[in-house]
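Working notes, beginning with the structure itself.
Number of protein chains: 2
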Amino acid sequence: MKKSFSLNDQVALGVDVGGTHISAALVNRQGKITHRAYTLSAGAKGRTVVVHRIKKIIRQVLKSSKRDPGQIMGIGLGAPGSFDFENGVAVSPTPNIPRWRGVPLKKILEKTFSLPAWVDNDVNLAALGEKYFGAGKKVRSLICFTLGTGFGGGVVINGRVHRGFFSAAGEVGHMVVKGNPLKCKCGNHGCVETIVGAAGIVRRAVAAIKGDKKNLIMRMAKGNPEKITSKIVFDAARKGDRIAKKIVRDTAWHLGATISQAINVVDPELVVIGGAIAQAGEILLRPIRKTVWSHIYFPERKTPIVPARLGENAGIYGAAALVFQQNGFL
Amino acid sequence: MKKSFSLNDQVALGVDVGGTHISAALVNRQGKITHRAYTLSAGAKGRTVVVHRIKKIIRQVLKSSKRDPGQIMGIGLGAPGSFDFENGVAVSPTPNIPRWRGVPLKKILEKTFSLPAWVDNDVNLAALGEKYFGAGKKVRSLICFTLGTGFGGGVVINGRVHRGFFSAAGEVGHMVVKGNPLKCKCGNHGCVETIVGAAGIVRRAVAAIKGDKKNLIMRMAKGNPEKITSKIVFDAARKGDRIAKKIVRDTAWHLGATISQAINVVDPELVVIGGAIAQAGEILLRPIRKTVWSHIYFPERKTPIVPARLGENAGIYGAAALVFQQNGFL
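Structure below.
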């Protein structure tokens with residue numbers, strides 16, 4: 448029996464192109480995710496391989512859902528880098544996918560699937576996802592910070608992603624820290640991401656331990672400094688290790704300073720913090736709040752700072768929210 | 448003969464409440480300023496005196512222009528502090544006017560003059576003025592930084608002031624600088640304004656000279672360190688004084704770092720720099736550009752950084768632009 452078109456068919460297909468995985472799923476307007484599919488992104492193999500895998504995973508979702516493309520409102524896709532939103536073309540390079548700049552993703556998706564498609568930066572869409580399906584449901588403006596390998600931010604104003612003139616708004620990880628000589632993947636020197644990104648946390652831990660095999664971080668890494676991860680540092684801090692606690696404290700200070708700077712510029716209603724490292728939870732959030740609230744104008748104002756709610760689904764939710772929004776919903 | 452209402456009557460009354468002066472004038476939609484009047488603001492005497500002087504100066508403009516209030520589209524007023532824009536009430540304290548918070552300026556003006564009135568932060572309106580009548584005519588988004596006693600910023604997105612949730616957007620002077628212990632007028636510690644504001648520039652000069660009477664800055668201040676001004680420091684730098692040059696360089700670095708941070712968050716089409724200290728011109732702007740362009744993501748992007756065009760009229764122009772905008776023009 449052929450189903451007639453109903454409210455239940457108001458689903459969007461969301462795609463999240465991450466550093467290691469590409470995932471896709473259907474999302475309905477109530478925020479239910481179905482027919483999820485994953486694949487490795489293989490970004491290092493370059494854009495042709497990545498685009499091929501994006502198409503494959505979308506086909507897989509369509510097939511498993513047994514829906515015609517005509518029953519789907521559109522495709523939303525979040526990916527690293529900045530996009531010319533109108534044309535859906537990558538306008539910045541991204542370190543994880545060689546030759547990414549210039550890829551006309553919107554056009555490729557629309558031609559391949561005969562569906563309207565919209566493409567945006569992954570962190571922007573995580574912010575939009577949190578706005579409509581996560582921690583930001585009740586607010587109109589927020590900045591959602593994503594802390595993992597990199598440190599990014601998505602700015603939502605009046606319920607919409609603020610992309611900026613060069614589609615580079617929210618690039619908070621590239622704020623300069625006085626006295627920081629480190630070179631960043633972006634090509635500049637001194638970016639805060641070199642301190643608070645996963646690699647920065649590990650680098651500082653390795654430097655502070657000075658090979659001391661008795662240190663808890665080292666023991667948790669089985670005596671091998673190459674096995675130290677940011678998660679181990681946070682776990683050691685939770686167990687009271689002095690060096691780990693100092694690294695967490697410094698990380699929180701730098702995150703707090705950057706977040707307060709973003710608040711001083713945009714003054715959002717809410718700050719949301721997500722990403723793999725943010726899973727450390729209150730051990731990181733508490734000192735971040737302390738730093739932020741003592742560095743925003745005017746002091747009695749306390750912009751709420753809450754953990755993200757959507758976890759690894761934020762990108763897919765945001766991609767779907769973008770489709771709903773472009774169709775005049777939300 | 449009574450004049451009939453015509454396009455020529457499409458004027459707004461703009462008021463700019465500054466630290467030392469209140470000025471007001473009529474502005475037409477082509478940007479012509481007429482019937483300007485000034486008075487001392489006497490902010491230290493508190494809000495009652497300031498409000499009284501605002502009313503007096505508006506009456507003076509109306510009287511000299513020989514217009515009925517009915518021939519004027521409305522009153523726009525820019526003043527220090529943050530305002531609840533909808534209600535036109537000051538929601539933050541301002542160090543220059545005791546008991547400023549809570550003053551219902553919009554209501555007072557509307558009742559007194561039977562005209563619609565809108566009130567906003569002075570730096571926000573300087574930014575709006577530059578957008579519609581000054582350096583930003585051709586762009587849709589800009590951040591206008593005002594550098595004088597304080598260091599503020601106004602954010603314009605899609606031709607409108609972005610005020611933020613607590614009306615505190617653009618408070619760039621209160622961004623924290625790592626390692627800066629100084630207490631700011633806002634109550635926090637470490638704000639960049641304590642370094643780059645006029646007082647900060649003078650303080651650093653006095654400290655660097657160490658009483659050396661032969662130093663050019665000291666000679667220009669007639670041997671009296673209390674007579675050193677930020678203007679003297681810039682003039683001495685222009686004449687090649689080594690200490691002055693270093694202070695200008697450091698000032699430009701901190702300004703550049705802050706501006707690049709604001710760009711990384713908002714990604715505006717244009718940056719405008721105004722205020723008394725910005726009159727130093729290219730000796731300050733050139734090193735600012737260098738710092739900014741090496742600290743924004745992604746490096747080949749070069750957001751233009753230009754001097755403000757409206758000088759001390761920016762506030763009045765912005766206040767008038769706000770009136771035109773609220774009436775559906777602009």
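These protein sequence lines are chains A and B, in that order. Taking my numbering as reference, the numbering of the first sequence is continuous, increasing by one, and the terminal residue is 777. Taking my numbering as reference, the numbering of the second sequence is continuous, increasing by one, and the terminal residue is 777. Beta carbons are placed, not taken as given, at the ideal position from N, Cα and C, and that holds for glycine. Note that this is a predicted model, so its numbers are computed, not measured.
*With 7 Å set as the bound, which would you pick, yes or no: does the beta-carbon of B:Lys625 sit closer than that to a beta-carbon of chain A?*
Counted from its first residue, the second sequence places residue 625 of chain B at position 178. By this cut-off, B:Lys625 is an interface position.
*B:Glu716 at chain A interface by Cβ criterion, 7 Å*: Taking the first residue of the second sequence as position 1, residue 716 of chain B is located at position 269. Yes, its Cβ sits closer than 7 Å to a Cβ of chain A.
_Under 7 Å from the C-beta of B:Phe532: neighbouring residues of chain A_ = In the second sequence, the residue the question calls residue 532 of chain B occupies position 85. The premise fails here: B:Phe532 is roughly 12 Å from chain A at the closest Cβ pair, so nothing lies under 7 Å.
*Please report how far the alpha carbon of A:Gly535 lies from the alpha carbon of B:Ala668, in whole angstroms.*
Position 88 of the first sequence, counted from the first residue, corresponds to residue 535 of chain A. Position 221 of the second sequence, counted from the first residue, corresponds to residue 668 of chain B. One C-alpha to the other measures close to 59 Å.
_According to DSSP, is B:Asp463 part of a helix, a strand, or is it coil?_
Position 16 of the second sequence, counted from the start, is the residue given in the question as residue 463 of chain B. Strand.
_Taking the alpha helix (DSSP H) that B:Thr641 belongs to, which residues open and close that run?_
Here residue 641 of chain B refers to the residue found at position 194 of the second sequence. Unbroken alpha helix (DSSP H) run through B:Thr641: 640 to 643.
*Backbone secondary structure at B:Arg500 - three-state DSSP*: Here residue 500 of chain B refers to the residue found at position 53 when the second sequence is read from its first residue. Helix, per DSSP.
*Considering only residues of the same chain and omitting the five flanking positions on each side of B:Pro516, which have a CB-CB separation below 7 Å?*
Counting from 1 along the second sequence, the entry for residue 516 of chain B is found at position 69. Cβ neighbours of B:Pro516 beyond the five flanking positions: Leu509, Phe560, Ser561, Leu562.
_Boundaries of the alpha helix (DSSP H) in which A:Tyr744 is found, first to last residue_ = Numbered from its first residue, the first sequence carries residue 744 of chain A at position 297. Taken as a continuous stretch (DSSP letters only), A:Tyr744 belongs to no alpha helix (DSSP H), as it is neither H nor E.
*For the stretch 609 to 620 of chain A, which residues have a CB atom closer than 9 Å to at least one CB atom of chain B, in sequence order?*
His609, Arg610, Gly611, Phe612, Phe613, Ser614, Ala615, Ala616, Gly617, Glu618, Val619, Gly620
*What residues from the stretch 561 to 581 of chain A come within 9 Å of chain B, judged by C-beta to C-beta, listed N to C?*
none
_Through-space distance from A:Val602 to A:Val608, alpha-carbon basis_ = On the first sequence, residue 608 of chain A is found 161 positions in, with the first residue counted as 1. On the first sequence, residue 602 of chain A is found 155 positions in, with the first residue counted as 1. Looking at the two C-alpha atoms, the distance is approximately 6 Å.
_8 Å contact criterion, which A:Leu781 and A:Leu717 should meet: CB distance rounded_ = This structure cannot settle anything about residue 781 of chain A, because the visible part of chain A is limited to 448 through 777.
*Using 10 angstroms around the beta-carbon of B:Ala527, count the other beta-carbons present and answer buried if the total reaches 16, otherwise exposed.*
Within the second sequence, the letter at position 80 stands for residue 527 of chain B. Contrary to the premise, residue 527 of chain B reads as Pro rather than Ala in this sequence. Its Cβ being crowded by 16 or more others within 10 Å, B:Pro527 is buried.
*Note down the Cα distance separating A:Gly525 from B:Ile690, rounded to an integer number of angstroms.*
Walking along the first sequence from the start, residue 525 of chain A turns up at place 78. Walking along the second sequence from the start, residue 690 of chain B turns up at place 243. Those two C-alpha atoms are separated by around 50 Å.
*Determine the burial state of A:Gly490: buried for a count of at least 16 other Cβ atoms within 10 Å of its Cβ, exposed for fewer.*
Translated into the one-based positions of the first sequence, residue 490 of chain A becomes position 43. The residue is buried, with at least 16 neighbouring Cβ atoms inside 10 Å.
*asked:* According to DSSP, is A:Val536 part of a helix, a strand, or is it coil?
replied: Counted from its first residue, the first sequence places residue 536 of chain A at position 89. Note: A:Val536 maps to strand in three-state DSSP.
*Interface residues of chain A facing B:Ala709 [CB-CB closer than 7 Å]*: Taking the first residue of the second sequence as 1, we reach residue 709 of chain B at position 262. Near B:Ala709 (Cβ distances below 7 Å), the residues of chain A are Val712.
*Anyone know if the C-beta pair for A:Ile469 and A:Ile505 falls short of 7 Å?*
The residue labelled residue 469 of chain A in the question sits at position 22 within the first sequence. The residue labelled residue 505 of chain A in the question sits at position 58 within the first sequence. No, Cβ-Cβ distance for A:Ile469 and A:Ile505 is not below 7 Å.
*asked:* Under 7 Å, Cβ to Cβ, is there at least one residue of chain E near A:Ala668?
replied: The structure shown contains no chain E; its protein chains are A and B.
*Check distances from the C-beta atoms of the stretch 687 to 709 of chain A to those of chain B and list, in chain order, the residues that come in under 7 Å.*
Ala704, Ser707, Gln708, Ala709
*asked:* For A:Gly549 and A:Gly461, which I take to be in contact (beta-carbon distance under 8 Å), what is that distance rounded to the nearest angstrom?
replied: Here residue 549 of chain A refers to the residue found at position 102 when the first sequence is read from its first residue. Here residue 461 of chain A refers to the residue found at position 14 when the first sequence is read from its first residue. Not really, about 24 Å apart at Cβ, beyond 8 Å.
*Distance, Cα to Cα, A:Phe452 vs A:Arg733?*
Numbered from 1 along the first sequence, position 5 holds the residue referred to as residue 452 of chain A. Numbered from 1 along the first sequence, position 286 holds the residue referred to as residue 733 of chain A. With a pLDDT of only 47 at A:Phe452, under the threshold of 50, the placement of this residue in the model should not be trusted; the figure read from the coordinates follows. Approximately 48 Å, taken between the alpha carbons.
*According to DSSP, is B:Leu629 helix, strand or coil?*
On the second sequence, residue 629 of chain B is found 182 positions in, with the first residue counted as 1. Three-state DSSP puts B:Leu629 in coil, outside helix and strand.
*Straight-line gap, A:Lys449 to A:Val770 (C-alpha atoms, nearest Å)*: One-based indexing of the first sequence puts residue 449 of chain A at position 2. One-based indexing of the first sequence puts residue 770 of chain A at position 323. Because the pLDDT of A:Lys449 is 42, which lies under 50, any placement of that residue in the model is unreliable, and the number read from its coordinates should be weighed accordingly. Taking the straight line from one Cα to the other gives about 25 Å.
*Hey, quick one: how far does the alpha helix (DSSP H) through A:Ile675 stretch, first residue to last?*
Within the first sequence, residue 675 of chain A is the residue found at index 228, counting from 1. Run containing A:Ile675: none; DSSP gives neither H nor E here.
*Residue from A:Val619, A:Gly626, A:Ala727 with nearest C-alpha to A:Asn711*: Counting from 1 along the first sequence, the entry for residue 711 of chain A is found at position 264. Comparing Cα-Cα distances from A:Asn711 to each of A:Val619, A:Gly626, A:Ala727, the minimum goes to A:Val619.
*Separation of A:Ala471 from A:Tyr485, as counted between CA atoms*: In the first sequence, residue 485 of chain A corresponds to position 38, counting from 1. In the first sequence, residue 471 of chain A corresponds to position 24, counting from 1. The alpha-carbon atoms of A:Tyr485 and A:Ala471 are separated by roughly 7 Å.
*Whose C-beta lies closer than 8 Å to the C-beta of A:Gly521 among residues of the same chain, with five residues either side of it excluded?*
Here residue 521 of chain A corresponds to residue number 74 of the first sequence, with the count starting at 1. Correct list, in chain order: Ala459, Leu460, Leu562, Pro563, Ala564, Trp565, Val770, Gln773, Asn774.
_B:Gly637 and B:Val649 - do their beta-carbons sit closer together than 7 Å?_
Taking the first residue of the second sequence as position 1, residue 649 of chain B is located at position 202. Taking the first residue of the second sequence as position 1, residue 637 of chain B is located at position 190. No, the Cβ-Cβ distance between B:Val649 and B:Gly637 is not below 7 Å.
*Residues that A:Gly480 bridges to, as DSSP identifies them*: Against the first sequence, residue 480 of chain A aligns to sequence position 33. According to the sequence as given, residue 480 of chain A is Ile; it is not Gly. Partner(s): A:Val474.
*Should B:Lys625 go down as buried or exposed, given a rule of 16 or more other Cβ atoms within 10 Å for buried?*
Within the second sequence, the letter at position 178 stands for residue 625 of chain B. Looking at its Cβ environment, which holds fewer than 16 other Cβ atoms inside 10 Å, B:Lys625 is exposed.
*Could you check the C-alpha separation between A:Thr705 and A:Ala768 for me, to the nearest Å?*
As a first step, residue 705 of chain A is located in the first sequence; it is residue number 258 there, counting from the start. As a first step, residue 768 of chain A is located in the first sequence; it is residue number 321 there, counting from the start. One C-alpha to the other measures close to 27 Å.
*asked:* Please report the straight-line C-alpha distance between A:Leu454 and A:Arg476, rounded to a whole angstrom.
replied: Within the first sequence, numbered from 1, the residue matching residue 454 of chain A stands at position 7. Within the first sequence, numbered from 1, the residue matching residue 476 of chain A stands at position 29. Any reading at A:Leu454 must be qualified, since the residue scores a pLDDT of 49, below 50, and its modelled position is unreliable; no value is offered.
*What does A:Ser539 touch in chain B if you count any residue whose Cβ is under 7 Å from its own?*
Working through the first sequence from its first residue, we reach residue 539 of chain A at position 92. Under the 7 Å cutoff, chain B gives Phe745.
*Quick one: which chain B residues come within Cβ less than 8 Å of A:Ile604?*
For this step, residue 604 of chain A is matched to residue 157 along the first sequence. Chain B residues near A:Ile604: Ile604, His609.
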